[in-house]
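Engineer: Sharing a structure, written as structure tokens. Questions coming.
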Amino acid sequence: MSFRYYRLFGINTYGGSSFGISEIEMYKSGELIDATDSLPVGAFSASSQYSTTYRAARAFNNIFNENNTGWFSANGLFTNQWICVDFGVPVKINKVVYQADSGNLLTHAVKDYRIEASNDNVKWEIITSGRFKQDNSLQTVNLIKSKILVISQGNPYKHDNINWVNIGSIPTTKVDRDNFYLTHGMDSIAESQLKTLASSLPSGTGKISIAKV
Ligand SMILES: [Ca+2]
């Protein structure tokens, strides 16, 4: 799906009293160009900032390997802080690259995170979540997962003919109907397990196929 707003939501740090991010890059589906490069400074915002010097735009300025010169959340706010991009129009982002600010011995690095998206800047959808390493490397988050589960009552590749159903405990609430992939941990489920679950579906739910994007 496409969204106008994307944000990196930091749940906690590696012990620092604020979050510190050197750089974030977001890539459109099928393109290698950083989608944030052409945006005005006002397109970037954050839940808080250490000071105007450490504003959100510093995490999108293509300056990497920063040491106390990226975006920092306000001192004392080291949980549940976010940094956001407003693309102005809906875009489909399939990859996010993150790099911690190396200042403060990397204690201000984001530890647990969520990537969230919105079209109204009010209601947010969790695209994926995970944990960043505490180092200064470029860390990539792929938003399109490798495994898809298609349940069809007709042409398996035609969107309108697909019925999505809940299968056991698999959280199918985050189905991207436009691209036929499931998020929220589906990528960590073994294909054999998916097939087992698929075979346990009640009759009449149609053809089932499992494929990779
Ligand atoms: Ca930067």
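Position one of the sequence shown corresponds to residue 167 (this note's numbering), numbered consecutively onward. Every residue gets a Cβ at the ideal spot worked out from N, C-alpha and C, and that includes glycine.
1) Give the secondary structure of A225 by DSSP, where H, G and I count as helix, E and B as strand, and everything else as coil.
2) Could you give the first and the last residue of the continuous beta strand (DSSP E) run that contains T294?
3) Just the Cα atoms here: how many angstroms apart are I249 and E197?
4) Identify whether V288 lies in helix, strand or coil by the three-state DSSP scheme.
5) Quick check: the Cα distance between R149 and F175, rounded to an integer number of angstroms?
6) Is it the case that the CB of S239 approaches a heavy atom of ligand 1 more closely than 6 Å?
7) Using only Cβ atoms and a threshold of 6 Å, which residues come within that distance of a heavy atom of ligand 1? Order them by chain position.
8) Thinking L243 and S184 are a contact (beta carbons under 8 Å), I'd like their distance in whole angstroms, please.
9) Along the chain, which unbroken stretches of the beta strand (DSSP E) at least 3 residues long are found entirely within the region 228 to 275?
Structural biologist: Once the coordinates are examined:
1) Helix, per DSSP.
2) For T294, the enclosing beta strand (DSSP E) begins and ends at 291 to 297.
3) The straight-line gap from Cα to Cα measures roughly 23 Å.
4) Coil.
5) With the chain represented from 167 up to 379, any question about residue 149 goes unanswered, as that position is not in the structure.
6) No, ligand 1 has no heavy atom inside 6 Å of this Cβ.
7) My final list is S188, E189, R224, A225, N227, I229, E232, G236.
8) Contact holds; Cβ gap of about 6 Å.
9) Runs of the beta strand (DSSP E) inside the region 228 to 275: 245 to 257, 259 to 266.
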